[in-house]
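K.L.:
In this note's numbering, the protein residues as written are 231 to 403.
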């Protein structure tokens, strides 16, 4: 799904890609709905691992915590799958609920870091939502648009200077 999007959720295409028969598929799943449910659960587990890692930073000083959160979220590990799940969420209420739940958990963690830095709750919420929206925007930009925006920074895995600049921007009063 990460490579081909929603079109990969058709039984014939899925079986061909995995090199399995329809009978083998039905041995593991009652129907496509069962497969889709398992896919959402697997994605949620990946997201929960990321969210747990971020929530585990609670004891880190707020500015450093925000920098670490940004670095963790900028990892391209699951970007294609994340984009595909968000696209799927536009047409499936169950997937939309899973995405919304993961998003809320993330925004709460980022908002708490801004509160711990010294911003009041309203300011922290606005800054957390801004950071999150910027991250979603980057997630959905195509490779050529990203290259035009960030140039050679994309050649480096971390693009730390750009993230640091953005963090400093968000921390301004």
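Every residue, glycine too, gets a C-beta built ideally from N, C-alpha and C.
In chain order, which continuous runs of the alpha helix (DSSP H) of length 4 or greater are located wholly inside the segment 294 to 369?
P.N.:
309 to 319, 323 to 347
K.L.:
Which of helix, strand or coil does DSSP assign to residue 290?
P.N.:
One-based indexing of the chain shown puts residue 290 at position 60. Coil.
K.L.:
Sorted by chain position, which residues of the same chain lie with C-beta nearer than 6 Å to residue 295's C-beta, five sequence neighbours on each side aside?
P.N.:
For this step, residue 295 is matched to residue 65 along the chain shown. Closer than 6 Å at the Cβ level, and outside the excluded window around residue 295, lie 287, 343.
K.L.:
Short of 7 Å in beta carbon distance, which residues of its chain neighbour residue 358, apart from the five on each side in sequence? Order them along the chain.
P.N.:
For the purposes of this step, residue 358 is taken as the residue at position 128 of the chain shown. Closer than 7 Å at the Cβ level, and outside the excluded window around residue 358, lie 337, 340, 341, 344.
K.L.:
Under 8 Å by Cβ, that's how I've got residue 276 and residue 241 pegged, so tell me the actual separation to the nearest angstrom.
P.N.:
Taking the chain shown and counting its residues from 1, the one referred to as residue 276 is at position 46. Taking the chain shown and counting its residues from 1, the one referred to as residue 241 is at position 11. 23 Å between Cβ atoms; not a contact.
K.L.:
Could you tell me the boundaries of the alpha helix (DSSP H) in which residue 252 lies?
P.N.:
Taking the first residue of the chain shown as position 1, residue 252 is located at position 22. Its alpha helix (DSSP H) spans residues 252 to 258.
K.L.:
DSSP three-state label for residue 398, please.
P.N.:
Looking up residue 398 in the chain shown gives position 168. Of the three classes helix, strand and coil, the one that applies to residue 398 here is helix, per DSSP.
K.L.:
Within 10 Å of its beta-carbon, does residue 386 have 16 or more other beta-carbons around it, so buried, or fewer, so exposed?
P.N.:
Translated into the one-based positions of the chain shown, residue 386 becomes position 156. Any reading at residue 386 must be qualified, since the residue scores a pLDDT of 49, below 50, and its modelled position is unreliable; the value itself is stated next. Answer is exposed; the Cβ neighbour count stays below 16.
K.L.:
Quick one: using the 10 Å Cβ neighbour count with 16 as the cut-off for buried, is residue 400 buried or exposed?
P.N.:
Along the chain shown, read from residue 1 onward, the residue named residue 400 stands at position 170. When all chains shown are included, residue 400 counts as buried.
K.L.:
Quick one, are the C-beta atoms of residue 274 and residue 327 less than 8 Å apart?
P.N.:
Within the chain shown, residue 274 is the residue found at index 44, counting from 1. Within the chain shown, residue 327 is the residue found at index 97, counting from 1. In this structure, residue 327 does not lie closer than 8 Å to residue 274 by Cβ.
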